[in-house]
Structures are given as C-alpha cells and as structure tokens.
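One structure is given below, encoded as structure tokens.
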Amino acid sequence: MTAEISPRYVQIADQLHARAKSRDVGSPLSVRKVASEFGVSSVTATRALQLFRVRLVDQAVSVREAQDNSAAKLERWAVCLHVSPGPHQHAAAQLTADGFRSLTAEGGLSFDFDSLRPGEQPDAKRIKAGIATTVASGAKGIFFLPSRVSHDSMLADELLLQSAAAAGLPVVLLERNLRGNDRPLARDLVSFHDFEGGRLLTRHLQEQGRRRIAFLTGSPTSSHLERLAGYLSALHSSGAQEPLVVEQSATGNPGAVYTELANRLIEWQADGVICYHEYAAVGIIMELLRRGRAVPADTAVAAFYNLGLGESYSIGITAYSYPAKTVAARALDIMRWRLKAPDAPPLKVVVPGELIVRNSSCSSPVAER
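For the sequence shown, the UniProt record's numbering begins at 1 and goes up steadily by one.
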C-alpha cells in the first residue's frame, strides 16, 4: 500500500518510525503532541501511536529472534486473531497481540501473526494454505481468537479448527468460545473474567446511585453472555430494578445503530449503561451528548477492555481492563500442558481484569483502581 492511499494514522506511524530509525524522535511522544503536530484528531493520533509502538516492538522482537535463531532454541507458535471489523479493529487486535509480544522479551519464543491472518473474507483455500505454512514453519500450536460477528465467520473458524486438528496442531482459544449460544467448549480456552467484570461494573454504577442500569451486548458468544450474566447477578443480588438488555445490531450504518440504541436508553430513562466494549461506549457517549444528555450526570457509562480510547477524550471511560500479558502467559501454560496431555478434556482458565474508574461514571473519580 502506498503512502498516498494509506490511512492517515498509518502515514503518521510511518513518519514516526522513520524518525526512530534515525534516532530523531525528540521528546517523549503523547497523543496530544502527535495530534497537534500532524493536525489530526486524538483518535487518529492514538491509532498512529499504537501502530508506531507495535512496529518498535516488532523490530525489537526481530532482533531477539535473530539472536535466538542462532542458538536454535526458539519455541515457535502461531497466533490467529479473527477480530471484528470496524474502525477500531486494529487497536482491538493489537491489545491481544501485545500480550504475546511482551512474552518474547523473555527470549526463546516466536509468535507468527501472519501465516493465519484471516483477511476480510477467509475461505477454505486461504485457511488450509495458512495451516500448511504454519506447519512448515515449525510451529507447535495455534492461539486463536475466534470471530463473534456472523454465522459465516463461525463456519470459517470451525474449518480452521478442523484443519489444525488434521495437521496435528493443538489450538488454545483466546477470550471466547466460537460463536453460538450455549455452545459446548471443544478446545481449551483462556479468557478474562467476563462474569466478574459485569458484576463489578454494575455494582460500581449502583454505588454511584444509579438505579436504572442498562446492558448493551453485541453477539451470541460466550464472553458477551458471561458479561451479561455478571450484570444480571448484581441486579438480582440488589433487587433494585428490572434488567434492560439491549442488543447492538451487527448490520446497518453505525450512526443509525447508535441512534437507535440511544433511543432505547432515553425511552427507558436509563441513568447508567454498561457496554460490551470500549468502542461501543464511545459511540453511545457521542450520541447521548448529541441529544443533550450529560455524561455522567444524566447517564453514566462503563465498558469492557481498555484500548486507550478512554484516555483520548475529556470524558474518560470507566472500564474493566483486559490483562493481555497475563492471558497470553496462561494460554502458553495451557498449550504446553495440552502437548503433554492431548486426550484430556477441554480446560477453561479465567484471568481477573481490573476496574479502572474514570469520569464517564462519576464526576470526580477518586483514583483509577
């Protein structure tokens, strides 16, 4: 892709990377500094910085791998991240990928993110070719984040699992099971504590005096169902209100989707809402503000993950953060165990996240925690 047709944030990341190579970065970079220098929004600056930092890490990893290759001590693994498409797709993928990249700093590990890259529409030919490349590279297993978006994507994910099994490659799922309500777990899974996140976010909003709290979910997948279960558990324990569950449409214009969601919240007189993802919280906040609803005074907003979006606006987003490095480390532990116990039943490991309180849920947060 040429610079002329690259997205603006990619062009900025290219320039920052070129400076780094020439050791001309200057003072430490920040979202505000990049936004000011290049005349872009804080969102574009955030994405540019994320991509720039990923490239620096990849450069360091390449040096490390070159050193390790000379000693022939690398453990090779493949990573496939079938992340939902959208404006924040890259940032969401990098959150998970960075967990694995951080492990390479310890040496002796190599993670291949390219051979099984799904692309826009993964088909059987692409998937099988990716598996063949993975086997040829010497990878001993696959860490796989399945798609949550559609039935067709789920079928592609099933084919990947079948192809991996035929090639003798174990698979450890990340974050969620394959798409589907009440779907049996067929592979090992390492996720963060979705249920506890739903419970903690609900309790937090209740502690702020919110009594009509809604929950925005996105897909029929295990992670969203468990987040919803945590919300329902907290409501049941308090006995304070009837639940309001709103499902975000996976089709249609995003602006129209958020307009409809805001209509539901206002109609129900919701004074709080928990969103399945931080980028959904941004959309909800923008639409509420457009309607003249103050955040958090009229409607408090909280979400899952912590992509950095919550720090890019004057209204910081309260979030249950995703512990990327710990998830990656536990997934590696499970993969090594699976190689020793190939016939054992599927195992699920849950990793706690952290509640980070910002001013989307309370006007004067005491501290991030």
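Glycine included, every Cβ here is placed at the ideal spot set by N, Cα and C.
Between phenylalanine 143 and alanine 300 a beta carbon distance of about 35 Å is seen, past the 8 Å cut, so the two are scored as non-contacting. Non-local C-beta neighbours of glycine 308 in its own chain, meaning closer than 6 Å and more than five positions away in sequence, comprise Thr46, ordered along the chain. Secondary structure within the segment 141-189: the beta strand (DSSP E) runs of 3 or more consecutive residues, fully enclosed, are 142-145, 171-174 (chain order). For isoleucine 12, the CB contacts under 6 Å within the same chain, skipping 5 residues up- and downstream, are Phe38, Ala48 in chain order. Between the beta-carbon of phenylalanine 192 and that of valine 351 there is about 5 Å, and that keeps the pair under the 8 Å contact cut. In terms of Cα proximity to leucine 355, the closest of Ala229, Ser321, Cys362 is Ser321. With a threshold of 16 other beta carbon atoms within 10 Å, glutamine 269 falls short and is exposed. Annotated three-state conformation of alanine 270 is coil, per DSSP. Rounded to whole angstroms, asparagine 253 and alanine 344 show a C-alpha spacing of 45 Å. When C-beta atoms of the segment 116-123 are compared with those of the segment 168-187, fewer than three pairs fall below 8 Å, so the two segments do not count as touching. Arg53 is the residue among Arg53, Pro7, Arg8 whose C-alpha sits nearest the C-alpha of leucine 29. Residue pairing of alanine 214 in beta bridges, as defined by DSSP: Leu244, Val273. Excluding residues up to 5 positions away in sequence, Val257 lie with their Cβ nearer than 7 Å to the Cβ of serine 249 in the same chain. Under the three-state reduction of DSSP, arginine 291 is assigned to coil, being neither helix nor strand. Partner residues in the beta bridge of serine 191, as assigned by DSSP, are Val350.
Between leucine 160 and isoleucine 127, the C-beta gap is smaller than 8 Å, which places the two residues in contact. If you draw a 10 Å sphere on the C-beta of glutamine 94, you find 16 or more other C-beta atoms in it, and that means buried. Counting C-beta atoms within 10 angstroms of its own C-beta, serine 360 has 16 or more neighbours from the protein chains shown and is therefore classed as buried. Cβ contact annotation for lysine 348 (same chain, cutoff 8 Å, sequence separation greater than five): Leu185, Asp188, Leu189, Val190, Ser191, in chain order. The beta carbons of histidine 224 and tyrosine 276 sit closer together than 8 Å. Distances from the CA of valine 295 to each of Asn306, Phe304, Val273 were compared; the closest alpha carbon is that of Val273. The three-state reading of DSSP puts threonine 221 in coil, since its state is none of H, G, I, E or B.
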